[in-house]
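Notes follow the structure.
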Amino acid sequence: MLIIYVVSYLLLTFFGNVNSSGVVSHDLHYPILARYLRIIPVAWNPQGTIGLRVGLYGCYYDSEIVYFDGDDAISYQFRSKKVRSTEDIIGFNFKTMEHEGILMYAAGSQGDYISVELQQAQLVLSISLGNSSLNMSGGETTMKLGSLLDDQHWHQFRLDRYRKYVNFSLDGEILQFRLNGEFEQLDLDTEIFFGGVRNYEKQRLVYRPNFRGCMENIAYNLVYITNLVRRRHPSIRVEVRINIDWV
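Note that the sequence shown covers residues -20 to -1, 1 to 227 in mature numbering (1 follows the signal peptide of the UniProt record, and there is no 0).
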């Protein structure tokens, strides 16, 4: 038997059992976040009948959602004035009907920066670990994933960085690459923005509209940003007014 299901626009196929007593188990590398699950048998023994026993195992899903209207943003203030990291783990879910917008941005005084943006309904990740005296053009690296992300469906973003090596994933599709430039450390100043930025002239960022849509479960290096927003933590600064929901 073959079983197909769709998760985040990926079509996956599994083999089932070949007799009435066998048990086949499949561990999913990425979890399914869904209220309903449809299982479709697509091939079976024509001499027999279809029988299916299914056991699903998972855990409770916490959801904290921030709504952006295009005029607002949030920023997380670092505990120290500068943050230096050789490893980063960043993740969030988002949905929107807009094809342009800034989802995340942070920068440092030495030319370091990281940004996640929607450009023409694609997700664009840009990282620079800074400029050197020998290469003033910097070590910028830009990668793109996805298409038609303005479909008002949830999409899952995750970034894992170790020094110059990056895993960039969107809805289960993973792009692995090595950063350009000479440095391995990301040096950021003061704060990181989500949903947009303020003072474009200070951020060295070409103007793009702020994000208009929803972001869910924002996490930055084990700091759960949306939870801090909900609790009105003093490390969170809200630009204008945003709406918060959680389940």
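Just so you know, even glycine gets a beta-carbon here, dropped at the ideal spot from N, CA and C.
Since we're looking at a predicted model, the values are computed, not measured.
Taking the Cβ atom as the reference point for each residue, do residue i and residue j lie within a distance shorter than 9 Å?
i    : j     : result
M195 : F58   : no
L98  : L150  : no
G91  : S108  : yes
G161 : E120  : yes
L13  : Y37   : no
L32  : G(-5) : yes
N147 : L159  : no
I54  : L139  : no
N190 : E44   : no
F137 : V96   : yes
Using the rule of at least 16 other Cβ atoms within 10 Å of the residue's Cβ for burial, across every protein chain shown, is residue i buried or exposed?
i     : result
V(-3) : exposed
I20   : exposed
T29   : exposed
K62   : exposed
G110  : buried
E181  : Per-residue confidence for E181 stands at a pLDDT of 49, beneath the threshold of 50, marking its modelled position as unreliable; the derived number appears in the next sentence. Its Cβ having fewer than 16 others within 10 Å, E181 is exposed.
L166  : buried
N25   : exposed
How would you write the range of the beta strand (DSSP E) that residue i sits in, first residue to last?
i           : result
T76         : E67 to T76
I205        : Unbroken run through I205 is the alpha helix (DSSP H), I205 to R210; no beta strand (DSSP E).
residue 274 : The question about residue 274 has no answer here: the residues shown for the chain are numbered -20 through 227.
G178        : Per the sequence shown, the amino acid found at residue 178 is Arg instead of Gly. First-last for R178: undefined, no H or E at that position.
What residues are listed by DSSP as bridge partners for residue i?
i    : result
T122 : S106
S95  : Y85 and S106
K62  : D169
Please confirm if the stretch 201 to 212 is in contact with the stretch 74 to 88, defined as three or more CB-CB distances below 8 Å between the two stretches.
-> The answer is no - the stretch 74 to 88 does not touch the stretch 201 to 212, with fewer than three Cβ pairs under 8 Å.
Mind the definition here: the stretch 16 to 34 touches the stretch 126 to 144 only if three or more C-beta pairs lie below 8 Å; say whether that holds.
-> Contact between the stretch 16 to 34 and the stretch 126 to 144 is absent, because fewer than three Cβ pairs lie under 8 Å.
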